[in-house]
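Below is one structure, written out as structure tokens; the observations come after it.
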């Protein structure tokens with residue numbers, strides 16, 4: 013896969029990084045990433061992956077844009093209220109780079125849908141907002157042996173973790189199921205934005221191979237105290253999803 | 014001696030605050046501080062921070078308590094004047 017003159021110009025500032033270079037750019041261009049959920053976290057991830065040059069993005073979200081989304085989901089605008097998030101997000105990403113191959117899924121998805129959607133992709137981003145949906149993404153990715161990056165944000169904090177099936181704990185191993193899931197969680201807009209951008213950072217590193225990326229750890233941020241930590245995640249030997257992987 | 018205890022993420026739903034300033038005995042260990050926090054707020058906050066028998070999602074002065082190079086005594090680390098202990102809640106939350 014060669015880069016055109018226009019592509020060389022578009023991405024020249026990151027290609028100029030020796031650690032990234034043309035090799036990294038080509039890897040991004042030939043990559044397919046699925047993003048489940050384009051709310052506060054996933055929409056920021058999508059914007060940065062599109063800008064960075066990921067060749068194909070699959071955008072999955074059943075929700076529509078509402079007024080209360082706009083303080084943190086900056087991919088959307090007032091005029092988008094009532095429109096399907098996946099479709100609006102897809103259009104914004106194409107406005108950044110018309111050469112991106114975009115797939116849109118703007119309906120509810122179950123486990124069998126997710127299995128089908130992730131097939132053939134290089135990486136999955138889980139930015140869903142419901143536990144059951146997240147666990148379905150986890151199960152499909154473990155079954156397909158696909159790496160998945162999970163992102164969470166609420167109130168003054170957020171976190172991210174890379175799961176590599178067979179090597180690290182999976183989401184089922186460590187997700188707290190007792191979490192109360194209100195319809196609307198209080199959140200600072202920057203909590204979602206910073207986590208979303210960090211998911212893109214992790215994704216780009218995973219796809220290109222530069223730098224260091226911790227799999228099997230929690231990247232945890234508290235924005236009230238401005239504290240950042242990486243914390244270990246251990247596999248559950250009795251995990252019903254990944255114990256035989 | 015004086016220490017600061019910070020509560021992160023979902024723990025604040027139980028503690029209803031982001032921090033406690035505490036006067037505690039010299040030589041208090043992290044394990045003993047866990048007991049104090051449990052006596053104040055019930056068992057959930059500390060239990061959430063101990064997800065496996067050999068993992069603790071707790072920091073001292075912004076360092077991960079599981080880092081054996083820094084904290085070879087892990088939960089039996091003795092706290093010092095001015096230490097800041099952070100309790101990090103469970104992996105949870107919407108996006």
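Protein chains in written order, with the working numbering: chain S, 13 to 257; chain D, 14 to 108. No residue lacks a Cβ here, since even glycine has one placed at the ideal position from N, Cα and C.
Using a beta-carbon distance below 8 Å, is residue 60 of chain D in contact with chain S? Position 47 of the second chain, counting from 1, holds the residue named residue 60 of chain D. Taking Cβ atoms only, chain S never reaches closer than 8 Å to residue 60 of chain D, which makes this a no.
According to DSSP, what are the bridge partners of residue 135 of chain S? What you label residue 135 of chain S is simply residue 123 of the first chain in a count that begins at 1. Residue 135 of chain S pairs with S:45.
How long is the line joining the alpha carbons of residue 167 of chain S and residue 83 of chain S, rounded to whole angstroms? For the purposes of this step, residue 167 of chain S is taken as residue 155 along the first chain, with counting starting at 1. For the purposes of this step, residue 83 of chain S is taken as residue 71 along the first chain, with counting starting at 1. Each residue's Cα considered, the two are about 13 Å apart.
Boundaries (first-last residue) of the alpha helix (DSSP H) holding residue 164 of chain S: Here the question's residue 164 of chain S lines up with position 152 in the first chain. Residue 164 of chain S -> not in any alpha helix (DSSP H); beta strand (DSSP E) instead, spanning 160-166.
Is residue 253 of chain S helix, strand or coil by DSSP? By 1-based counting over the first chain, the position of residue 253 of chain S is 241. Reduced to three states, the DSSP call for residue 253 of chain S is coil.
How about the stretch 44-62 of chain D and the stretch 22-30 of chain D: do they share at least three Cβ pairs that are nearer than 8 Å? yes
Buried or exposed for residue 151 of chain S, going by 16 or more other Cβ atoms inside 10 Å? Indexing the first chain from 1 puts residue 151 of chain S at position 139. Residue 151 of chain S comes out buried.
Please report whether the beta-carbon of residue 100 of chain D lies at a distance below 8 Å from any beta-carbon of chain A. Reference to chain A is not applicable here, since the protein chains of this structure are S and D.
Using beta-carbon positions only, say whether residue 173 of chain S and residue 230 of chain S come within less than 8 Å of one another. Translated into positions along the first chain, residue 173 of chain S becomes position 161. Translated into positions along the first chain, residue 230 of chain S becomes position 218. Yes, these two residues count as a Cβ contact at 8 Å.
From what residue to what residue does the beta strand (DSSP E) around residue 18 of chain S run? In the first chain, counting from the first residue as 1, residue 18 of chain S sits at position 6. No beta strand (DSSP E) holds residue 18 of chain S; the alpha helix (DSSP H) holding it covers 17-22.
Is the beta carbon of residue 49 of chain S closer than 8 Å to that of residue 140 of chain S? Translated into positions along the first chain, residue 140 of chain S becomes position 128. Translated into positions along the first chain, residue 49 of chain S becomes position 37. It is a contact, given that the beta carbons lie within the stated cut-off.
Could you please tell me which residues of the stretch 37-52 of chain D, in chain order, have their CB closer than 9 Å to any CB of chain S? none
Please determine if the stretch 154-162 of chain S and the stretch 189-201 of chain S are in contact, where contact requires at least 3 C-beta pairs separated by less than 8 Å. no
Chain D contacts from the stretch 167-179 of chain S (Cβ-Cβ distance under 9 Å): 167, 168, 169, 170, 171, 173
Using 8 Å as the threshold, is the stretch 215-233 of chain S in touch with the stretch 107-118 of chain S, meaning 3 or more CB pairs across them? no
Distance between beta carbons of residue 225 of chain S and residue 323 of chain S, contact taken as under 8 Å: For residue 323 of chain S there is no data in the structure shown, the boundaries of chain S being 13 and 257.
Beta-carbon within less than 8 Å of residue 45 of chain S's beta-carbon, same chain only, minus the 5 sequence neighbours each way: which residues are those? The count along the first chain starts at 1 and reaches residue 45 of chain S at position 33. Same-chain partners within the cutoff: 61, 66, 68, 69, 70, 133, 134, 135, 136, 137, 215, 219.
Going by Cα to Cα distance, which pick from S:126, S:169, S:88 is closest to residue 148 of chain S? On the first chain, position 136 is the one that residue 148 of chain S refers to. Of the listed residues, the one whose Cα sits closest to residue 148 of chain S is S:126.
Measuring only the C-alpha atoms, how far is residue 85 of chain D from residue 182 of chain S? Within the second chain, numbered from 1, the residue matching residue 85 of chain D stands at position 72. Within the first chain, numbered from 1, the residue matching residue 182 of chain S stands at position 170. Near 28 Å, if we compare the C-alpha coordinates of residue 182 of chain S and residue 85 of chain D.
Give the interface partners of residue 239 of chain S over in chain D, defined as CB-CB distance under 7 Å, in chain order. As a working note, residue 239 of chain S is residue 227 in the first chain. Per Cβ cutoff of 7 Å: 75, 99.
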